[in-house]
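Chemist: Have a look at this one before I ask anything.
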Amino acid sequence: MNQKVEGSTIIPVLRYRDAPSAIEWLCRVFGFKKQLVVPNEDGTIAHAQLTLGNGMVMVGSTVDSAFGRLIKQPDGGDGTETQSPYIIVSDADVVYERVKAQGGRIVLDIKDEDYGGRGFSCLDPEGHLWNVGSYNPWEPTRE
3 MNQKVEGSTI
13 IPVLRYRDAP
23 SAIEWLCRVF
33 GFKKQLVVPN
43 EDGTIAHAQL
53 TLGNGMVMVG
63 STVDSAFGRL
73 IKQPDGGDGT
83 ETQSPYIIVS
93 DADVVYERVK
103 AQGGRIVLDI
113 KDEDYGGRGF
123 SCLDPEGHLW
133 NVGSYNPWEP
143 TRE
């Protein structure tokens, strides 16, 4: 069976206690666009698709369900993550300043990387770890 894929074939899924606020923050700070947002009657989010370039993240509210019990929130343990999305941006310094101005917490300061590009790591307001940088792994390497 052939399935046409127009974007990334790997899409991170994130759960938030306050998904509506998280969606607004991700759009305002990182530049995501709302492709689809499906709210529940109680104001939580059943499912959302946020795009950035040809990438996407899926976001929803934390729920007590079979899938929901498989995911722990960063504040539910020692604050460490087991995965972290990487966002390719044209100017990491601009995004770095927006993160600081909009309540994100820088956990690895911005720097030039040995393998190319410039980047940093931050926590969003609910503690999810994000990596942001100008290094583009899709570009051919120069040797």
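Per this note's numbering, numbering through the sequence shown is continuous, rising by one, with the last residue being 145. Note that CB positions come from ideal geometry on N, CA and C, so glycine has one too. Model, not experiment: these values are computed from the prediction.
1. Check whether the stretch 38–45 and the stretch 84–92 are in contact - that is, three or more C-beta pairs closer than 8 Å.
2. Assuming the contact rule is C-beta atoms closer than 8 Å, residue 79 and residue 17 should be a hit. Round their C-beta distance to whole Å, please.
3. Please tell me whether residue 25 and residue 40 are closer than 8 Å, where the distance is taken between their beta carbons.
4. Measuring only the C-alpha atoms, how far is residue 2 from residue 98?
5. Could you tell me if residue 63 is buried or exposed, where buried requires 16 or more neighbouring beta carbons within 10 angstroms of its beta carbon?
6. To the nearest angstrom, how far is it from the Cα of residue 101 to the Cα of residue 30?
7. Given a threshold of 16 other Cβ atoms within 10 Å of its Cβ, counted over all protein chains shown, does residue 72 qualify as buried or as exposed?
8. With H, G and I counted as helix, E and B as strand and the rest as coil, what does DSSP make of residue 27?
9. What residue range does the beta strand (DSSP E) around residue 111 cover?
10. Per DSSP, what kind of secondary structure is residue 68 in: helix, strand or coil?
Modeler: Let me lay it out:
1. no
2. The Cβ separation is near 14 Å, so there is no contact.
3. no
4. What is shown of the chain runs 3 to 145, which leaves residue 2 out entirely.
5. buried
6. 9 Å
7. exposed
8. helix
9. 107–114
10. coil
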